[in-house]
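Presented below is the structure to which this report refers.
Residue numbers (my numbering): 101 to 311.
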């Protein structure tokens, strides 16, 4: 364990306490392997599972484990037409479990997310029975403003590179507050609490996951 991980570990008890008062359950693991193993015990075989686009889910190994498991997968990438994709979005909202990461989170437990279409945020706010959020220590910030700055200048520019979008941040490497048709920044949502205790569960790991 390096010093950055040790510092994060010291902050974890306070983070978990802050999330609890927001009706959000939190779990901490020493590494991604232990985290994924435990998450799988919380998703019964046969459950319907969907997810938002996330490098964190891929990097920690959860996506491979879910796709290898005995679940009903609701995967929008399998859609062959716009109509089929819309139908899958509708099914995702009714999933038993929805998997995602968060673009940023404050040490006080506020989740900060920006979406292009909004399907991920729709499922975060309402619909799926349970929402599992995978969070590496690199996503933590000191305030909501810091979180938005992080998203605009780290997460979003990296995402448009991954998606090869025609946006100013693809060229500049930082946010230009554009109105491009291919923008990934249409909706900003701050989750300060869950109205349904325990519906949102956060899984913390002292690793750098996603961006």
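Think of the CB as a built atom: it goes at the ideal place given N, C-alpha and C, for glycine as much as any other residue.
Within the stretch 113-199, ranges of the alpha helix (DSSP H) (whole runs, at least 4 residues): 132-141, 155-160, 162-168 and 182-193
Counted within 10 angstroms of its Cβ, other Cβ atoms place residue 207 as buried (16 or more) or exposed: exposed
Top-ranked residue by Cα proximity to residue 242, from 115, 149 and 106: 115
Bridge partners - residue 201, DSSP secondary structure assignment: For residue 201, DSSP records a beta bridge to 234.
Limits of the beta strand (DSSP E) - the one that residue 211 falls within: 211-215
Beta-carbon separation (whole angstroms), residue 306 vs residue 105, contact threshold 8 Å: 4 Å
For residue 120 and residue 230, believed in contact at Cβ under 8 Å, the rounded distance: Contact flag wrong, Cβ pair sits at about 16 Å.
Residues near residue 163 in its chain [Cβ-Cβ closer than 6 Å; skip 5 each side]: 157
Boundaries (first-last residue) of the alpha helix (DSSP H) holding residue 249: 244-250
Alpha carbon of residue 289 to alpha carbon of residue 152, nearest angstrom: 15 Å
Residue 138 burial status per 10 Å Cβ neighbour count (16 or more: buried): exposed
Test item: CB-CB of residue 203 and residue 251 under 8 Å: Yes, Cβ-Cβ distance for residue 203 and residue 251 is below 8 Å.
Three-state class that DSSP yields for residue 279 in the structure shown: coil
Integer-rounded CB distance, given that residue 148 should sit under 8 Å from residue 195: 5 Å
Range covered by the beta strand (DSSP E) that runs through residue 270: No beta strand (DSSP E) contains residue 270, which is instead part of the alpha helix (DSSP H) from 268-272.
Sequence-distant residues of the same chain with beta carbon closer than 8 Å to residue 235, five excluded per side: Contacts found: 156, 201, 202, 205, 302, 303, 304, 305 and 309.
Length of the line joining the Cα atoms of residue 173 and residue 191: 10 Å
Rounded separation between residue 187 and residue 217 - CA only: 15 Å
Among 183, 273, 166 and 222, the one whose alpha carbon lies nearest that of residue 146: 166
Within 8 Å, strictly: CB atoms of residue 122 and residue 209: In this structure, residue 209 lies closer than 8 Å to residue 122 by Cβ.
C-beta contact flag for residue 275 and residue 253 at 8 Å: yes
Strand pairing of residue 304, partner residues [DSSP]: In the DSSP output, where bridge partners are listed per residue, residue 304 has 128 and 235.
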